[in-house]
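**Student:** For the sequence shown, full-length UniProt numbering assigns the number 1 to the initial residue and increments by one for each residue that follows.
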Amino acid sequence: MNSAARPCPACDGPHADFAFRVRDFDHARCRRCGTVFVTPLPDPQALESLYLAPDYHESAEGQEQRMRAEGDARAAILRRFGVRSVLEVGCGPGHFLDACRDLGMQVEGVDRARTAEGPRRRGHTVHDVWFSDFGPPAPRFDAVAMWEVVEHVPDPKDILLQARKWLRPGGFLALSTPSSSGLPARALGPRFPMVIPPDHLSLFSRRGLQTLLVAADFDPVRWTSFSGLDRAALRRGLQRFVLGNSLPARAVSAGLALAAEPVARLVDRAGLGTGFEVYAVAR
Numbered sequence: 001m002n003s004a005a006r007p008c009p010a011c012d013g014p015h016a017d018f019a020f021r022v023r024d025f026d027h028a029r030c031r032r033c034g035t036v037f038v039t040p041l042p043d044p045q046a047l048e049s050l051y052l053a054p055d056y057h058e059s060a061e062g063q064e065q066r067m068r069a070e071g072d073a074r075a076a077i078l079r080r081f082g083v084r085s086v087l088e089v090g091c092g093p094g095h096f097l098d099a100c101r102d103l104g105m106q107v108e109g110v111d112r113a114r115t116a117e118g119p120r121r122r123g124h125t126v127h128d129v130w131f132s133d134f135g136p137p138a139p140r141f142d143a144v145a146m147w148e149v150v151e152h153v154p155d156p157k158d159i160l161l162q163a164r165k166w167l168r169p170g171g172f173l174a175l176s177t178p179s180s181s182g183l184p185a186r187a188l189g190p191r192f193p194m195v196i197p198p199d200h201l202s203l204f205s206r207r208g209l210q211t212l213l214v215a216a217d218f219d220p221v222r223w224t225s226f227s228g229l230d231r232a233a234l235r236r237g238l239q240r241f242v243l244g245n246s247l248p249a250r251a252v253s254a255g256l257a258l259a260a261e262p263v264a265r266l267v268d269r270a271g272l273g274t275g276f277e278v279y280a281v282a283r
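#1: Please state if the CB of C11 and the CB of R32 are separated by a distance shorter than 7 Å.
#2: DSSP on G255, reduced to helix/strand/coil?
#3: Going straight from the alpha carbon of F134 to that of K165, what length do you get?
#4: Could you pull out every residue in the same chain whose Cβ sits closer than 6 Å to the Cβ of S227, ignoring the five residues on either side in sequence?
#5: Tell me the DSSP secondary structure of E117 in three-state form.
#6: Who are the near neighbours of R283 in its chain, counting only those whose CB is closer than 8 Å to its CB and skipping five residues on each side?
#7: Between V126 and G94, what straight-line distance do the alpha-carbon atoms span, to the nearest angstrom?
#8: Rank G92, L103, G109 by C-alpha distance to the C-alpha of A73 and give the top, closest one.
#9: Given 8 Å as the limit, is there contact between the region 112 to 130 and the region 172 to 181, that is, 3 or more CB pairs closer than that?
#10: Thinking A280 and L173 are a contact (beta carbons under 8 Å), I'd like their distance in whole angstroms, please.
#11: Please name the residue, chosen from A260, G171, G90, K157, that lies closest to P184 on a Cα-to-Cα basis.
#12: How close, in whole Å, do the beta carbons of L201 and L160 come, if the pair is a contact with beta carbons under 8 Å?
#13: Compare the C-alpha of G13 against each of G208, V86, R80, W147 and name the closest.
#14: Alpha carbon to alpha carbon, how far is H192 from G118?
#15: For R84 and R120, what's the separation of their Cα atoms in angstroms?
#16: Going straight from the alpha carbon of R80 to that of V144, what length do you get?
#17: Can you list, in chain order, the residues of its chain with a C-beta nearer than 8 Å to that of D128? Leave out the 5 residues immediately preceding and following it.
#18: State buried or exposed for E48, treating a residue as buried only when at least 16 other CB atoms are found within 10 Å of its CB.
#19: Among the residues of its own chain, which have a CB less than 6 Å from the CB of V195, if the five just before and after it don't count?
#20: Just to confirm the assignment: which complete alpha helix (DSSP H) runs, minimum length 4, are found wholly within the region 199 to 229?
#21: Run the CB neighbour count on P9, radius 10 Å, all protein chains shown included, and call it buried at 16 or more, exposed below.
#22: Sorted by chain position, which residues of the same chain lie with C-beta nearer than 7 Å to H152's C-beta, five sequence neighbours on each side aside?
#23: Do you know offhand how far A232's Cα is from P248's?
#24: Is A5 close to the ligand ADP? I mean its beta-carbon at under 6 Å from any heavy atom of the ligand.
#25: Do you know offhand how far A28's Cα is from P44's?
#26: If I follow the unbroken beta strand (DSSP E) through P44, where does it start and stop?
#27: So is G237 buried or exposed if we call it buried at 16+ other beta carbons inside 10 Å?
#28: Check this for me: beta carbons of L97 and V107, under 7 Å apart or not?
#29: Write down the C-beta distance between A53 and V36 rounded to the nearest angstrom, noting that I regard them as a contact closer than 8 Å.
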């Protein structure tokens with residue numbers, strides 16, 4: 001694979017090498033920044049049908065406690081930045097919206113998935129439109145949040161530029177996304193759990209994501225790596241993606257997870273975890 005591949009969605013680099021094929025989707029790795037991306041892109045109507053499917057977001061069910069804890073932590077960071085109003089793109093079940101509201105912020109969401117009915121029932125304003133159709137844009141929010149969103153979209157730069165239009169001067173973009181430059185992605189390659197086309201279209205390297213943010217007129221001010229790999233998550237991941245679910249595999253997975261938990265913490269501190277969490281200021 002060479003210049004015939006589509007340009008890198010992160011840095012617009014024209015050259016990429018074949019990385020792997022998963023679920024009949026070819027993935028390329030940008031020679032310039034290392035971002036991994038699906039090429040060619042799936043049909044837009046197929047992507048729309050995927051996100052509107054009744055079972056979309058089902059994988060998040062049963063993880064309410066973890067998601068609420070993440071929402072609390074992220075809302076607290078934005079509050080320390082002085083944020084008073086937030087628009088969340090792809091709000092899903094609304095745990096982050098709840099956390100922001102509990103801290104006194106004004107919040108709105110944008111999501112077409114069925115899980116957005118939950119936050120609507122809890123009194124949140126969640127717009128049932130695609131973000132590209134939401135508007136017209138007006139600079140009325142202190143922050144726009146996109147948790148696990150940019151890896152899904154065919155044109156991530158476009159969605160960041162759209163977010164920029166909703167921000168007041170000096171406003172914040174907050175996002176998280178899987179990392180192609182972390183140890184899990186490097187070690188597992190096509191078996192990395194975040195390689196799930198056509199749901200995930202891009203896995204960004206740090207260099208690629210940095211380039212993308214700057215190109216959309218954002219300057220990162222806080223950048224962390226996260227994995228969420230406590231002992232239970234490590235055990236589940238080893239069974240599902242590496243060792244299988246037999247009784248011996250379960251025993252081995254439990255032992256490896258116990259040994260790997262402190263290593264996972266060190267990997268996150270080194271910036272080499274499963275994903276990135278970034279807070280950036282609009283120029």
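Each residue gets a CB set at the ideal place from its N, CA and C atoms; glycine is no exception.
**Tutor:** By the coordinates alone:
#1: Contact: yes.
#2: It is helical.
#3: Near 11 Å, if we compare the C-alpha coordinates of K165 and F134.
#4: Exclusion of the five residues before and after S227 leaves A264, D268, G273, T274 as the residues of its chain whose Cβ lies within less than 6 Å of its Cβ.
#5: DSSP places E117 in the helix class (H, G or I) of the three-state scheme.
#6: Taken in chain order, the residues that qualify are D217, F218, D219.
#7: Going by the C-alpha atoms only, they are around 9 Å apart.
#8: Taking A73 as reference, the option from G92, L103, G109 with the minimal CA-CA separation is L103.
#9: Touching, no.
#10: Between L173 and A280 the Cβ distance is about 5 Å, and since that is below 8 Å, they are a contact.
#11: Closest by alpha carbon: A260.
#12: For a cut-off of 8 Å, the C-beta gap from L201 to L160 is around 15 Å, too long to register as a contact.
#13: With distances taken between Cα atoms, G13 lies closest to G208.
#14: First, the residue type needs correcting, since residue 192 is Phe and not His in the sequence shown. The alpha-carbon of F192 is positioned some 30 Å away from that of G118.
#15: Distance from the CA atom of R84 to the CA atom of R120, rounded to whole angstroms, is 20 Å.
#16: Each residue's alpha carbon lies about 15 Å from the other.
#17: Around D128: D111, R112, A116.
#18: With fewer than 16 Cβ atoms within 10 Å of its Cβ, E48 is classed as exposed.
#19: Around V195: V22.
#20: Positions of the alpha helix (DSSP H) runs, each at least 4 residues long and wholly inside the region 199 to 229, are given as 206 to 215 in order along the chain.
#21: It is buried - the Cβ of P9 has at least 16 other Cβ atoms within 10 Å.
#22: Result list for H152: D199, H200, L201, in chain order.
#23: Approximately 17 Å between the Cα atoms of the pair.
#24: Inclusion of the ligand ADP in the displayed structure is not the case, the ligand content being empty and no account of it being possible.
#25: Taking the CA atoms as reference points, A28 sits about 19 Å from P44.
#26: Run containing P44: none in the beta strand (DSSP E); it sits in the alpha helix (DSSP H), 44 to 52.
#27: By the neighbour-count rule (16 or more Cβ atoms within 10 Å), G237 is buried.
#28: Yes; because the gap between Cβ atoms is below 7 Å, this pair is in contact.
#29: In fact, because the Cβ distance is near 25 Å, the residues do not count as touching under 8 Å.
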